[in-house]
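Those protein sequences? They're chains A and B, same order as listed. For what it's worth, our numbering labels the leading residue of the first sequence as 453, then goes sequentially. For what it's worth, our numbering labels the leading residue of the second sequence as 453, then goes sequentially. The C-beta atom is built at its ideal place from N, Cα and C for all residues, glycine as well. Just below is one structure, and these are the notes that go with it.
There are 2 protein chains.
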Amino acid sequence: MANLRQLAQSLGLSITTVSRALDGYSDVSVATRERVREAAERAGYRPNASARRLRKQRAELVAVTLPSDPGQVGPPHFLDMLSGCAEYLASFGLNLVIAPVPRSESELDICRRFVDGRRVDAMLLVRTKRRDERVEFLQSRGIPFVTNGRTESPTPHPFIDGDGFSGFHAATTRFQGSGHRRIGHIAGPQQYYFAHVRRMGWKVAMDEVGLSSDLCAEGAPTEQGGYLAALELLRQPSRPTALVCATDEMAIGALRALREIDGGSEISIVGHDDLPIGAFTSPALSTMRMTGQNLGANFASLLLRAIDGEPAEELQELHAIEFVDRESHRRPFRGV
Amino acid sequence: MANLRQLAQSLGLSITTVSRALDGYSDVSVATRERVREAAERAGYRPNASARRLRKQRAELVAVTLPSDPGQVGPPHFLDMLSGCAEYLASFGLNLVIAPVPRSESELDICRRFVDGRRVDAMLLVRTKRRDERVEFLQSRGIPFVTNGRTESPTPHPFIDGDGFSGFHAATTRFQGSGHRRIGHIAGPQQYYFAHVRRMGWKVAMDEVGLSSDLCAEGAPTEQGGYLAALELLRQPSRPTALVCATDEMAIGALRALREIDGGSEISIVGHDDLPIGAFTSPALSTMRMTGQNLGANFASLLLRAIDGEPAEELQELHAIEFVDRESHRRPFRGV
DNA sequence: CTTGACTCCCAAAACGTTTTGGAAAATCCT
DNA sequence: AGGATTTTCCAAAACGTTTTGGGAGTCAAG
Numbered sequence: 453m454a455n456l457r458q459l460a461q462s463l464g465l466s467i468t469t470v471s472r473a474l475d476g477y478s479d480v481s482v483a484t485r486e487r488v489r490e491a492a493e494r495a496g497y498r499p500n501a502s503a504r505r506l507r508k509q510r511a512e513l514v515a516v517t518l519p520s521d522p523g524q525v526g527p528p529h530f531l532d533m534l535s536g537c538a539e540y541l542a543s544f545g546l547n548l549v550i551a552p553v554p555r556s557e558s559e560l561d562i563c564r565r566f567v568d569g570r571r572v573d574a575m576l577l578v579r580t581k582r583r584d585e586r587v588e589f590l591q592s593r594g595i596p597f598v599t600n601g602r603t604e605s606p607t608p609h610p611f612i613d614g615d616g617f618s619g620f621h622a623a624t625t626r627f628q629g630s631g632h633r634r635i636g637h638i639a640g641p642q643q644y645y646f647a648h649v650r651r652m653g654w655k656v657a658m659d660e661v662g663l664s665s666d667l668c669a670e671g672a673p674t675e676q677g678g679y680l681a682a683l684e685l686l687r688q689p690s691r692p693t694a695l696v697c698a699t700d701e702m703a704i705g706a707l708r709a710l711r712e713i714d715g716g717s718e719i720s721i722v723g724h725d726d727l728p729i730g731a732f733t734s735p736a737l738s739t740m741r742m743t744g745q746n747l748g749a750n751f752a753s754l755l756l757r758a759i760d761g762e763p764a765e766e767l768q769e770l771h772a773i774e775f776v777d778r779e780s781h782r783r784p785f786r787g788v
Numbered sequence: 453m454a455n456l457r458q459l460a461q462s463l464g465l466s467i468t469t470v471s472r473a474l475d476g477y478s479d480v481s482v483a484t485r486e487r488v489r490e491a492a493e494r495a496g497y498r499p500n501a502s503a504r505r506l507r508k509q510r511a512e513l514v515a516v517t518l519p520s521d522p523g524q525v526g527p528p529h530f531l532d533m534l535s536g537c538a539e540y541l542a543s544f545g546l547n548l549v550i551a552p553v554p555r556s557e558s559e560l561d562i563c564r565r566f567v568d569g570r571r572v573d574a575m576l577l578v579r580t581k582r583r584d585e586r587v588e589f590l591q592s593r594g595i596p597f598v599t600n601g602r603t604e605s606p607t608p609h610p611f612i613d614g615d616g617f618s619g620f621h622a623a624t625t626r627f628q629g630s631g632h633r634r635i636g637h638i639a640g641p642q643q644y645y646f647a648h649v650r651r652m653g654w655k656v657a658m659d660e661v662g663l664s665s666d667l668c669a670e671g672a673p674t675e676q677g678g679y680l681a682a683l684e685l686l687r688q689p690s691r692p693t694a695l696v697c698a699t700d701e702m703a704i705g706a707l708r709a710l711r712e713i714d715g716g717s718e719i720s721i722v723g724h725d726d727l728p729i730g731a732f733t734s735p736a737l738s739t740m741r742m743t744g745q746n747l748g749a750n751f752a753s754l755l756l757r758a759i760d761g762e763p764a765e766e767l768q769e770l771h772a773i774e775f776v777d778r779e780s781h782r783r784p785f786r787g788v
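Next up, the structure:
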């Protein structure tokens with residue numbers, strides 16, 4: 453009993469009536485509505501998704517792009533986030549498809565394919581760049597979307613982001629309060645908004661109290677990137693006594709660098725993301741995390757509201773960053 | 453230029469010809485084929501996915517169910533796996549949708565929804581049970597699917613699995629070779645195939661050399677579950693000198709238990725999954741991992757072949773388990 | 001000149017739903 | 001009783017493809 457037609461025929465009704473009965477319209481009598489429902493239940497009938505999508509001109513699908521470069525899928529519980537998002541969307545009849553980006557193609561290509569083939573109703577974008585071509589494309593096409601991270605786009609768009617500036621400003625100030633003067637920053641690639649804004653938080657905190665913001669090294673947002681950047685900083689004549697790292701992954705790489713140099717155990721360090729792994733490093737990695745719970749459902753909710761046409765300005769969430777107090781940020785050191 | 457009709461009209465051709473030209477059929481002349489292709493390119497035309505799916509009676513979608521219980525999404529690089537799978541599928545025109553299972557529903561409900569609504573062409577199932585109702589359902593419906601993990605289903609089905617029996621047998625034998633006699637097992641829930649087969653590997657290795665296989669405790673496949681199970685074993689009058697744990701997560705919980713008891717540092721331990729986190733525990737966690745690379749693409753390939761109707765027997769892969777040599781499996785202990 | 005084969009194109013049907021615009025029957029009101 | 005209103009149902013159109021089953025031309029062979 454795959455068909456609406458077959459179902460209707462077996463009930464001696466028109467497909468119109470059966471369709472409307474199942475959708476609960478009031479212009480079919482309660483009696484037949486119930487009769488149809490039971491028959492459908494018994495026959496295990498479900499409307500054909502493709503047909504409905506075609507007719508309703510909605511894909512009932514949302515895509516999330518997954519960059520394939522390592523270290524690009526940053527958030528610690530990314531899979532949990534996707535799962536939460538998909539679950540929330542599913543309760544509104546939408547499914548989440550994952551769209552990894554092969555090395556041979558750009559993220560823009562992927563967006564184009566999904567959008568032009570009318571394969572999705574909306575998109576979820578992660579790891580935004582300061583100037584993000586995906587955002588520009590989707591805006592020009594008028595496709596609803598939500599980003600994980602802000603951009604510098606002149607026209608506003610929906611996003612959820614952590615307040616990286618404040619978080620890194622506070623972390624730097626905390627080090628200053630412990631007597632640190634030479635506080636270095638292990639920065640991520642500056643075209644990424646999150647990396648840029650975190651560096652600015654550190655820099656402004658240093659500038660404000662008249663400390664040098666020269667101790668900054670940039671690297672790939674990976675363990676190896678953090679390792680190399682840390683090494684670069686530690687080779688300086690007057691090396692830092694504390695390191696503020698753009699991500700936990702980079703911080704873990706920096707810890708490896710510290711283990712390899714003399715006096716490395718006197719250098720304090722803090723990361724960002726609250727990776728589970730950080731609880732097991734030695735020293736345990738002090739870090740930061742975005743506040744708020746069930747991020748995925750949050751994204752889903754914004755996506756649904758964006759699809760419903762709510763203006764972008766009302767779909768922007770900036771979450772506070774909280775400090776995760778472990779060991780690595782308070783290692784004993786010789787003050788200057 | 454969203455339409456085939458509009459595109460055809462602008463070219464002075466029928467939609468039939470345009471459609472066939474774009475699909476590269478030989479019954480349209482090379483000249484017009486090229487002309488159509490260029491026009492389509494210029495107009496940014498892509499066929500409407502829902503319409504094609506309806507007409508071709510294919511969803512062009514594959515779903516993977518994500519159990520929402522903690523510790524259920526076992527494989528270490530699960531997201532990488534999904535990403536690899538989706539990428540491979542995409543190159544054949546299929547997209548991967550993730551289908552988390554809300555607590556209020558069973559995995560079977562989710563399968564039913566996707567299958568009966570003809571929303572997918574195939575499904576990917578993770579964490580199989582020995583008797584798995586999802587498998588039985590999909591088999592009865594004739595929907596192609598591949599599982600991550602075997603089952604005890606009488607009719608064969610496609611799967612990829614690690615040879616947990618051999619892996620745990622070898623790990624147990626390795627402990628015996630180091631002089632251990634009282635080797636315990638921290639088991640996962642036995643209705644899961646992987647948990648059962650790993651326990652059997654340990655048990656058979658013990659039985660074969662006439663050692664007692666009493667030292668076994670079962671727990672949830674989580675850190676906490678491993679902690680509690682380890683505590684249970686360690687409270688025994690003659691406690692184990694080595695522990696073989698069903699998963700790394702449980703092993704990490706067991707490590708916590710060891711830290712809390714006297715002489716815990718003399719008890720060796722080994723896990724399974726090669727979680728990245730294991731490299732950072734103290735002691736660094738010795739573990740096991742399934743061999744083979746790009747598991748995701750592997751799954752995708754099997755899915756495609758299953759969709760093409762290849763018999764299940766040819767779509768079963770059992771991969772060897774390799775040992776990951778770190779510290780936790782060779783802690784000094786007082787021999788019996 | 002006719003026939004058959006071949007090339008290139010197209011009209012129409014089908015996929016399974018939802019929605020529109022009534023129509024018949026029943027009920028209500030005066 | 002007769003008109004107005006409400007209730008309950010339905011035929012047909014539309015969504016945008018792909019595929020079927022030809023139908024004109026063109027060309028070569030007989």
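Does residue i come within less than 7 Å of chain B when only Cβ atoms are used?
i: residue 498 of chain A; result: yes
i: residue 774 of chain A; result: no
i: residue 518 of chain A; result: yes
i: residue 593 of chain A; result: no
Is the shortest distance between the beta-carbon of residue i and the beta-carbons of chain A less than 7 Å?
i: residue 547 of chain B; result: yes
i: residue 550 of chain B; result: yes
Going by the DSSP bridge assignment, what does residue i pair with across the sheet?
i: residue 644 of chain B; result: B:581
i: residue 574 of chain A; result: A:514
i: residue 611 of chain A; result: A:599 and A:768
i: residue 636 of chain B; result: B:695
i: residue 668 of chain B; result: B:637
i: residue 775 of chain A; result: A:740
i: residue 549 of chain A; result: A:515 and B:549
i: residue 720 of chain A; result: A:694
Which chain A residues are close to residue i, counting only those with a beta carbon under 7 Å from its beta carbon?
i: residue 568 of chain B; result: 496 and 498
i: residue 505 of chain B; result: 502
Chain A partners of residue i, CB-CB under 8 Å?
i: residue 511 of chain B; result: 501 and 502
Anything in chain B within Cβ reach of residue i, meaning under 8 Å, just list it in chain order.
i: residue 554 of chain A; result: 539, 542 and 543
Using the beta-carbon of each residue, which ones in chain B are nearer than 7 Å to residue i?
i: residue 571 of chain A; result: 501
Indicate whether the contact test is met: 3 or more Cβ pairs, each with one atom in the segment 583 to 593 of chain A and one in the segment 696 to 716 of chain A, closer than 8 Å. Three or more Cβ pairs closer than 8 Å define a contact, and the segment 583 to 593 of chain A falls short of that threshold against the segment 696 to 716 of chain A.
Would you say the segment 627 to 637 of chain A touches the segment 654 to 663 of chain A, given that touching needs at least three Cβ pairs under 8 Å? At 8 Å Cβ cutoff, the stretches touch.
Report the residues of the segment 724 to 749 of chain B with a CB closer than 8 Å to any CB of chain A, ordered along the chain. Taking 8 Å as the Cβ-Cβ cut-off against chain A, the residues of the segment 724 to 749 of chain B that qualify are 728, 729, 732, 733 and 734.
Does the segment 574 to 582 of chain B come into contact with the segment 592 to 606 of chain B, if we say contact requires no fewer than three beta-carbon pairs (one atom in each stretch) closer than 8 Å? Yes: the two stretches touch, three or more of their Cβ pairs being nearer than 8 Å.
Could you list the residues in the segment 530 to 545 of chain A with a C-beta less than 8 Å from some C-beta on chain B, going in chain order? Contact residues of the segment 530 to 545 of chain A toward chain B are 530, 531, 534, 535, 536, 538, 539, 542 and 543 (C-beta to C-beta distance below 8 Å).
Quick check: the segment 726 to 739 of chain A against the segment 728 to 736 of chain B, are there 3 or more CB pairs under 8 Å? The segment 726 to 739 of chain A, when compared against the segment 728 to 736 of chain B, does touch it at the 8 Å Cβ threshold.
Decide yes or no for the touch test of the segment 772 to 784 of chain A against the segment 459 to 471 of chain B: beta carbon pairs closer than 8 Å, at least 3 of them. Output reads no: the segment 459 to 471 of chain B does not touch the segment 772 to 784 of chain A.
Three or more C-beta pairs below 8 Å linking the segment 565 to 574 of chain A and the segment 493 to 505 of chain B: Under the three-pair Cβ rule at 8 Å, the segment 565 to 574 of chain A counts as touching the segment 493 to 505 of chain B.
Would you check if the segment 735 to 746 of chain B and the segment 692 to 706 of chain B touch, i.e. whether three or more CB-CB distances between them fall below 8 Å? Segments in contact, yes.
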